[in-house]
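Following the working numbering, the numbering of the sequence shown begins with 130 at its first residue and continues without gaps.
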Amino acid sequence: MPRVYLSPPHMGPDERALLLDAFDSNWIAPLGPHVEAFERELAARVGAGHAAALSSGTAALHLALQILGVGPGDEVVTSTLTFAATANPIVYQGARPVFVDVHPETWTLDPALVAEAVEDGVRRGRPPKAVITVDLYGQCADHDPIREVCDRHGVPVVEDAAEALGATYKGRAAGTLGAMGVFSFNGNKIITTSGGGMLVTDREDWARQARHLATQARQPAPHYEHTEVGNNYRLSNLLAAVGRGQLRVLDERVAARRAHNAFYREALADLPGVSFMPEAPYGRSTCWLTCLLVDPRAAGVDREALRLALEAEDIEARPVWKPMHLQPVFRECRALGGEVAAGLFERGLCLPSGSSLSVADRARVVDVLRRAVRR
Ligand SMILES: *Cc1c(COP(=O)(O)O)cnc(C)c1O
């Protein structure tokens, strides 16, 4: 039996046709008609004014911080429960991450702790230069109270919606809840271009600046004049073609992941000591990954035993993100709380959730888990 992956790419016929169109047109460059069309279509889809297609979600986050002027000595507040790509661009800019704990009912940034972090900075005469919210596993952070405190102190919010394209918060699209939003089209995301990202914003000047900084900050002179340091972060026209095809099936992809989530909840509901990441009442998650929590006393097994039982059947599952405040590389960084995220890491397991996951493979996952917990 072939290995069951956590979240593999899921391509369709449109992606192939668009890719071949890009190839045959000889626009084999990080420029071209598909890049502009992808930007237009994605911006329209989420209701953002503008979009810049980039080589990765990490690049999009890095550009957002560059545009906001984050620099050496600045502090940037973000969630401790995330992938390292949220925090790394803070360090690229010479700034310092401040890691804030999550709320147990959403697994996303605890708004009260964000307020504490911001107000503490204000008291010290050093308000954070930005707050990066993280829409975890497809669930939006509780943006309204976060925005309230950030707006009051003039702190811009960047929304890391890498895992949440297609999610909503109080009816608004994930990615549009801050001053800038970031999506990822990495191979494991909801839709993919193999690698890629997008920065969305309502500010046209910021979108223009993002494209400029992503193309080596070349001034329009024949000899290329440079007045600032740029990056090579533009998305290739070939990959943008794939992205356009993927965007057309986004709703189906989200629906498939949500169906997996509903299936797992139902099929494992009676297992002692097993619960799931809550879906917050304020929005609709993409259920990028379905995550469960194991209470070893009630279940008789711990998270790692379940992961290994799945691995023995060639099924890929992963622990919930190891919090950034526990990562050796960020040991010196400031943190507010962190016990909630640490507990979720210790007890949380992400199950195979790809939109192409078959009904038979899904049933196998459940079967392995049920046998492991009963023992
Ligand atoms: C995947 C991911 C990123 C980075 O996106 P890339 O396209 O892989 O650079 C950033 N933040 C989060 C939360 C992610 O899951």
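The beta-carbon is built from N, C-alpha and C at its ideal position, and this holds for glycine as well.
As the structure is a computational prediction, the values presented were derived from the model and not from experiment.
Quick one: using the 10 Å Cβ neighbour count with 16 as the cut-off for buried, is D280 buried or exposed?
-> exposed
Element boundaries [alpha helix (DSSP H), containing C279] = 272-281
Would the beta-carbon of K318 be found less than 7 Å away from any heavy atom of ligand 1?
-> yes
Note down, in chain order, each residue of its chain lying with its Cβ closer than 7 Å to the Cβ of F212, except the 5 sequence neighbours on either side.
-> W450
Would you kindly report the start and end of the unbroken alpha helix (DSSP H) that includes P240?
-> 240-252
Along the chain, which unbroken stretches of the beta strand (DSSP E) at least 3 residues long are found entirely within the segment 432-490?
-> 463-465, 477-480
Using a threshold of 7 Å, is the CB atom of E292 nearer than that to any non-hydrogen atom of ligand 1?
-> yes
What distance in whole Å lies between the Cβ atoms of A343 and R363, which are believed to be in contact at a cut-off of 8 Å?
-> 5 Å
Skipping 5 residues on each side, what residues in its chain have a beta carbon closer than 8 Å to that of C479?
-> L135, Y266, L418, T419, C420, A446, R447, P448, V449
Looking at the unbroken beta strand (DSSP E) that takes in I261, where does it start and where does it end?
-> 259-263
Boundaries of the alpha helix (DSSP H) in which F392 is found, first to last residue | 379-396
Compute the minimum distance between the beta carbon of F212 and the heavy atoms of ligand 1, and state whether it is under 7 Å.
-> yes
If you measure from the CB of S414, is any heavy atom of ligand 1 nearer than 7 Å?
-> no
Segment contact flag, the segment 152-170 with the segment 186-195, C-beta cutoff 8 Å, min 3 pairs = no
Are the segment 201-220 and the segment 464-483 touching, with three or more C-beta to C-beta distances below 8 Å?
-> yes
Select from R476, M453, S485, S482 the residue whose C-alpha is nearest the C-alpha of D230.
-> M453
Does DSSP classify Y298 as helix, strand or coil?
-> strand
Given 8 Å, three or more beta-carbon pairs between the segment 320-334 and the segment 346-357 = no
Within the present structure, is the beta-carbon of V205 separated from the nearest heavy atom of ligand 3 by less than 7 Å?
-> Among the ligands modelled here, namely ligand 1, ligand 3 does not occur.
Is R413 close to chain C, meaning its C-beta is less than 8 Å from at least one C-beta of that chain?
-> You won't find chain C in this structure, because it holds only one protein chain.
From P142 to L242, what distance separates their C-alpha atoms?
-> 46 Å
Looking at T215 and D289, is the spacing between their C-beta atoms short of 8 Å?
-> yes
Pick out whichever of P285, Q268, G307, L498 has its Cα sitting closest to the Cα of D431.
-> L498
Inter-residue Cα distance where the pair is F152 and G161 = 11 Å
Tell me which same chain residues have a C-beta within less than 7 Å of the C-beta of R413, skipping the five on either side of it?
-> A296, T297
Does DSSP classify Q345 as helix, strand or coil?
-> coil
DSSP bridge partner residues for N361 (one or two, in chain order) = T344
Return yes when at least one heavy atom of ligand 1 lies under 7 Å from the C-beta of V220, else no.
-> no
Which residue's Cα is closest to the Cα of G202: K258, L147, N155?
-> K258
Close-in-space but distant-in-sequence residues of the same chain around V284 (CB under 7 Å, 5 per side omitted) = V247, P256, P257, A259, V260
Please determine, among P410, A409, D380, S404, the residue with the shortest C-alpha to C-alpha distance to A428.
-> S404
I275 and V287 closer than 8 Å at C-beta | no
Could you tell me whether any non-hydrogen atom of ligand 1 is closer than 7 Å to the CB of T215?
-> yes
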